[in-house]
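A short worksheet on the structure shown next.
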Amino acid sequence: MDEHRHLADGAGANDAVQVATRRYLSSEHLWSSLHATRRCRAIETELLGKVRVDIEHRTYAMTAVLSAVAFLEALVNETYDDAHDTQHDSGRIAALDGRARGLMAAFWQATRGRDRYVGVLDKYRMALLFAGAPPFDQGANPYQDAELLIRLRNELVHFRPTWHEQGVPDKFGDKLAERFAPSGLLPANDGSPWITRALGAGGAAWAYNTCKAFADAWTDRLGIARAYEADLAAWEQGP
310 MDEHRHLADG
320 AGANDAVQVA
330 TRRYLSSEHL
340 WSSLHATRRC
350 RAIETELLGK
360 VRVDIEHRTY
370 AMTAVLSAVA
380 FLEALVNETY
390 DDAHDTQHDS
400 GRIAALDGRA
410 RGLMAAFWQA
420 TRGRDRYVGV
430 LDKYRMALLF
440 AGAPPFDQGA
450 NPYQDAELLI
460 RLRNELVHFR
470 PTWHEQGVPD
480 KFGDKLAERF
490 APSGLLPAND
500 GSPWITRALG
510 AGGAAWAYNT
520 CKAFADAWTD
530 RLGIARAYEA
540 DLAAWEQGP
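If you're matching positions, the sequence shown starts at 310 in the numbering used here and goes up one per residue.
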């Protein structure tokens with residue numbers, strides 16, 4: 310969603326008014342993941358028992374995963390940038406006190422360079438620290454699933470083909486199998502590699518639910534509003 314503000318108001322009727330636009334994208338990433346999940350489920354239901362692999366079905370599953378992580382990255386970046394932008398109060402972080410905002414702004418300024426990469430989950434953890442909010446238990450959900458979701462995204466984005474031998478343990482695939490059912494297009498006990506099993510309606514729904522649960526837990530800890538929920542509710546109602 311966009312936010313607008315006046316930069317300068319003219320004194321007379323003929324004076325121009327300058328308006329700046331500030332763009333947020335996290336909600337759109339979340340909606341993209343939700344939409345892809347729904348489409349993936351619809352296609353899987355329609356093609357059940359007819360084919361093992363369908364390109365549109367797989368594409369929607371991948372989109373759900375990629376957009377879910379893009380949502381997490383955008384949300385935390387937008388929050389830090391709101392704290393850093395002292396010229397304009399968006400209202401999204403109104404619950405944070407001046408100390409928390411100041412620490413977040415300083416951290417954001419110090420880590421914005423490309424050579425100062427900070428992991429997305431580290432940004433979430435640091436924000437809680439700056440706000441004096443309860444930390445995540447890194448050994449439990451929603452943190453564990455968020456960590457696995459980001460790894461799945463990375464495996465897809467930086468994919469490297471490897472040989473898959475049936476019967477050989479697949480630690481990463483086993484972790485995914487504990488979280489969601491494999492693609493419904495595959496027959497029972499299918500021995501396909503994890504990439505084939507994971508790209509289905511179950512994986513897509515898990516990706517969406519995981520990013521949403523993590524964001525909800527984080528915003529609850531900080532006490533800030535969930536702007537993404539308001540946006541999704543508005544878009545669900547239609548124009």
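For each residue, glycine too, the CB sits at the ideal point set by N, CA and C.
Sequence-distant residues of its chain with Cβ nearer than 8 Å to residue 427 (five each side left out):
If you number the sequence shown from 1, residue 427 lands on position 118. For residue 427, where only same-chain residues beyond five positions count, the Cβ hits under 8 Å are 420, 435.
Can you tell me which of the three DSSP states residue 510 falls into?
Residue 510 sits at position 201 when you count from the first residue of the sequence shown. Here residue 510 sits in helix by DSSP.
In terms of residues, what are the limits of the alpha helix (DSSP H) holding residue 497?
As a first step, residue 497 is located in the sequence shown; it is residue number 188 there, counting from the start. No alpha helix (DSSP H) contains residue 497, which DSSP labels as neither H nor E.
Which whole-angstrom value is the C-beta distance of residue 333 and residue 387, which I expect to be below 8 Å?
Indexing the sequence shown from 1 puts residue 333 at position 24. Indexing the sequence shown from 1 puts residue 387 at position 78. Sure, about 5 Å apart at Cβ, within 8 Å.
Less than 8 Å separating the beta-carbons of residue 508 and residue 415?
As a first step, residue 508 is located in the sequence shown; it is residue number 199 there, counting from the start. As a first step, residue 415 is located in the sequence shown; it is residue number 106 there, counting from the start. Not closer than 8 Å, so no.
Looking only at C-alpha atoms, which of 437, 535, 372 sits nearest to residue 408?
Position 99 of the sequence shown, counting from 1, holds the residue named residue 408. Minimum Cα distance to residue 408 is reached at 437.
How would you call residue 521, buried or exposed, if buried means at least 16 neighbouring beta carbons within 10 angstroms?
Counting from one through the sequence shown, the residue named residue 521 turns up at place 212. Result: buried.
Measure from the alpha carbon of residue 379 to the alpha carbon of each residue in 492, 466, 447, then state which is nearest.
Against the sequence shown, residue 379 aligns to sequence position 70. Cα-wise, what sits closest to residue 379 is 466.
Provide the residue span of the alpha helix (DSSP H) that contains residue 433, from first to last.
Indexing the sequence shown from 1 puts residue 433 at position 124. Where residue 433 is concerned, the enclosing alpha helix (DSSP H) stretches over 429 to 440.
Assigned secondary structure, residue 469 (DSSP; H/G/I helix, E/B strand, else coil):
Along the sequence shown, one-based indexing puts residue 469 at 160. In the structure shown, residue 469 sits in coil (DSSP, three-state: anything other than H, G, I, E or B).
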